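**Q** Following this message is one structure expressed as structure tokens.
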Amino acid sequence: MISVLTSNGRRRLILLGILGLALFWRGWLLLNESVNFNSDEAIIGLMARHMLQGKPVPTFFYTQDYMGSLGAMLVALAFMVFGERVMTIRVVQATLFLLNIVVMYALALEVTRRRRVAQMTALLVAVPTLLTLLYTSLVLGGYNEILLLTNVAFLLGWRVTVKRSLRLWHWGLLGFVLGLGWWTHGTIIIAMLVVGVMGLRYFKPELWKHYALAGLMFFLGSGPWWLYNLHHDWAALEFLLDEDSLKTEYAAENEADCCTVAESGALAALAISALYGFRFPNEASFQTGILAVGAAAVYLVLITDLLGDLYARVAYRKPWPAARRFLPWILLVGGILGGVIALSAFKDTTGRYLLPLIAPYTIGIALGIDRLRRIHRQWAGLALVILVSFQLNSVWQPAVSSDGINYPFDRYDDELIAFLDAHDYRFGYAHYWTSFRLSFVTQEHLRFDTALPYDENGHRPGLNRYPPYTADVRSADRVFWLNQDFPLLDNIIQWHLDRHPVTYRIKRIGDYTVYYDFSERVSPADFNLDSTRPFEERSFYDEVCIEC
58 MISVLTSNGR RRLILLGILG LALFWRGWLL LNESVNFNSD EAIIGLMARH
108 MLQGKPVPTF FYTQDYMGSL GAMLVALAFM VFGERVMTIR VVQATLFLLN
158 IVVMYALALE VTRRRRVAQM TALLVAVPTL LTLLYTSLVL GGYNEILLLT
208 NVAFLLGWRV TVKRSLRLWH WGLLGFVLGL GWWTHGTIII AMLVVGVMGL
258 RYFKPELWKH YALAGLMFFL GSGPWWLYNL HHDWAALEFL LDEDSLKTEY
308 AAENEADCCT VAESGALAAL AISALYGFRF PNEASFQTGI LAVGAAAVYL
358 VLITDLLGDL YARVAYRKPW PAARRFLPWI LLVGGILGGV IALSAFKDTT
408 GRYLLPLIAP YTIGIALGID RLRRIHRQWA GLALVILVSF QLNSVWQPAV
458 SSDGINYPFD RYDDELIAFL DAHDYRFGYA HYWTSFRLSF VTQEHLRFDT
508 ALPYDENGHR PGLNRYPPYT ADVRSADRVF WLNQDFPLLD NIIQWHLDRH
558 PVTYRIKRIG DYTVYYDFSE RVSPADFNLD STRPFEERSF YDEVCIEC
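According to our numbering, the sequence shown holds residues 58 to 605 in order.
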């Protein structure tokens, strides 16, 4: 009895150590200011702030009728305890990620029945690749929340199907989690289909009470989605079915329109390479170096070993070990995810839509490493060290660079805010990635119309996410224009202003350019700068470029 308790205590200590490592690594990145605050996060913060001010609780993100406001609600609760700060948002995301590690540990233990595999799974997730860290550190659309809900659904789905659990609370919680995910983010469809297919295999008519309870709890969990759509002509469903509305701002504009097998395969290869750390999410180039080569070699060995084992068991009819019986489940998850992505607008090269693969495929990697122990323990240990080191390095490289792991939007904010306060400016025009971030950090003292474009593809009307700000700017007597790190736009703005009977002043603060002290009130619309047409299609483009 004592030895059992000691063994259990050691296992708990290992899991706590892994969680401590994850917390330390993430904490260092945040305290080192390697993770910059951006406008996507700011919108969540503003939604939470508005909730606490007594304004109506939004069902979805502002002007985006397909991502539920669960994340904003969690942040609002945290604001009540820790105050309305950027770090509070980070604490919420870190907590969700730690819960994800615990659930993935439980899932790995459930499906493989091997504690060592579960521990390796948790370790590989605790020091994730840049893609996973980015989308579980920043509030970029409910990815952290939906990853947790998806993993919980995988765990409960395994218990009620493969393990034949008859506990009603398992069934009820499964339905509620899937419903909550349906409201939170559309990618929960992966877990729904996986659980549905597994349920059909183990279907029993006499369990109708269990099915009915799961269905009822699903509608309860997804209640906000149904209530909103019944009163808004199914706006959320229309948004999901409209490919243009789902095009990512990070990726190429034609990604959501790709339709050929070759194009889809190329996108999948880029996305998978980002998911496993061989490519940074927003860059085209692949990582090089000894760790990248070592990680590729480890994956090649694991894949070769898996294929060889599959061939041997099929050809010689060898029985499957218990730990390997979940391989069809991994293939099912991957196949369903691939089918959903191929048939929908959820396509991009960042790899974020592949996040549901993290749990099953990391379990598969951990199981493959564990199989290497049959050759020699040192080989398994070396493979694990190489993969963990590679994943650490994939985050360390951008973290210690001047840009950080995401775009350095907030480097000169304090100086900029001080300048605007000194000149008594509150309302202005800017692009999306600058505007909402500054509104949040100034407690909405600064408010913007996001009429300026942030790249050469032109203005995106859908990024003016909070109409009251637009109305405030429109009614303001004094406005300023603000551009950030977009030299071509500076040239275009000055080209137009210099040809208009208006005087103005310019202040450069780091990568910011402030246009202020206009002799008369002007807006980007006066010069057609809020057009959705790409710059290169506009009549002035060549003349501006020649002057550049």
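Ideal placement from N, C-alpha and C gives every residue a C-beta, glycine not left out.
Computed from a prediction, not measured in an experiment: that's the story for all the values here.
Can you tell which of Arg483, Ile563, Ile566 and Thr491 has its C-alpha closest to the C-alpha of Asp529?
**A** That would be Arg483, whose Cα lies nearest to the Cα of Asp529.
**Q** Based on the DSSP secondary-structure assignment, which residues constitute the bridge partners of Gly408?
**A** Gly408 pairs with nothing; no bridge assigned.
**Q** So, does the segment 450 to 463 touch the segment 552 to 565, judging by three or more C-beta pairs under 8 Å?
**A** no
**Q** Where Gly567 and Gly425 are concerned, what is the direct C-alpha to C-alpha distance, given to the nearest angstrom?
**A** 49 Å
**Q** Out of Val174, Trp215, Val452 and Asn95, state which residue places its alpha-carbon closest to the alpha-carbon of Leu441.
**A** Val174
**Q** Across the segment 413 to 424 and the segment 342 to 352, are there enough close Cβ pairs to call them in contact, namely three or more that are closer than 8 Å?
**A** As far as the Cβ criterion goes, the segment 413 to 424 does not touch the segment 342 to 352, which means the pair count is below three.
**Q** Within 10 angstroms of the Cβ of Thr186, are there 16 or more other Cβ atoms? Answer buried if so, exposed if not.
**A** buried
**Q** What does the alpha-carbon distance come out to for the pair Ala369 and Thr361?
**A** 12 Å
**Q** Please report the straight-line C-alpha distance between Thr189 and Ser91, rounded to a whole angstrom.
**A** 15 Å
**Q** Going by DSSP, name the residue or residues bridged to Thr345.
**A** Note: Thr345 sits in no beta bridge, so no partner.
**Q** Helix or strand or just coil, what does DSSP make of Phe592?
**A** helix
**Q** Please state whether DSSP places Phe505 in a helix, a strand or coil.
**A** Three-state DSSP puts Phe505 in a strand.
**Q** Express the C-alpha separation of Asn450 and Leu206 in angstroms, rounding to a whole number.
**A** Distance between Leu206 and Asn450, taken at the CA atoms: about 28 Å.
**Q** Tell me the rounded alpha-carbon separation between Gln344 and Val452.
**A** Rounded to the nearest whole angstrom, the C-alpha separation of Gln344 and Val452 is 12 Å.
**Q** Rounded to whole angstroms, what is the Cα-Cα separation between Ala313 and Leu72?
**A** Any reading at Ala313 must be qualified, since the residue scores a pLDDT of 44, below 50, and its modelled position is unreliable; the value itself is stated next. Their Cα atoms are separated by approximately 40 Å.
**Q** What did DSSP end up calling Ile432 once you bin it into helix, strand or coil?
**A** coil
**Q** Below 8 Å between beta carbons: does that hold for Leu394 and Ile563?
**A** At a Cβ-Cβ threshold of 8 Å, Leu394 and Ile563 do not count as neighbours.
**Q** Please state the DSSP three-state secondary structure of Ile462.
**A** coil
**Q** Does the CB of Val159 have a neighbour CB from chain C at under 8 Å?
**A** Within the model displayed, chain C is absent; a lone protein chain is all it includes.
**Q** Taking Pro581 as the reference, which of Asp574, Arg565 and Ala508 has the closest Cα?
**A** Ala508
**Q** Compare the Cα-Cα distances from Ile146 to each of Ala129, Met274, Ser532 and Phe597 and report the closest residue.
**A** Ala129
**Q** Cβ of Ile203 within 8 Å of Cβ of Val182?
**A** no
**Q** With DSSP as the reference, please indicate the residues paired to Leu539 in a beta bridge.
**A** Val571
**Q** Going by the DSSP bridge assignment, what does Lys266 pair with across the sheet?
**A** Bridge partners of Lys266: none, in fact.
**Q** Restricting to runs no shorter than 4 residues, where is the alpha helix (DSSP H) found entirely within the segment 223 to 250?
**A** At a cut-off of 4 residues, the continuous stretches assigned as alpha helix (DSSP H) that sit fully inside the segment 223 to 250 are 225 to 241.
**Q** Return the residue from the list Gly125, Ile100, Ala133 and Glu98 that minimises the CA-CA distance to Met108.
**A** Met108 has its Cα closest to that of Ala133, out of Gly125, Ile100, Ala133 and Glu98.
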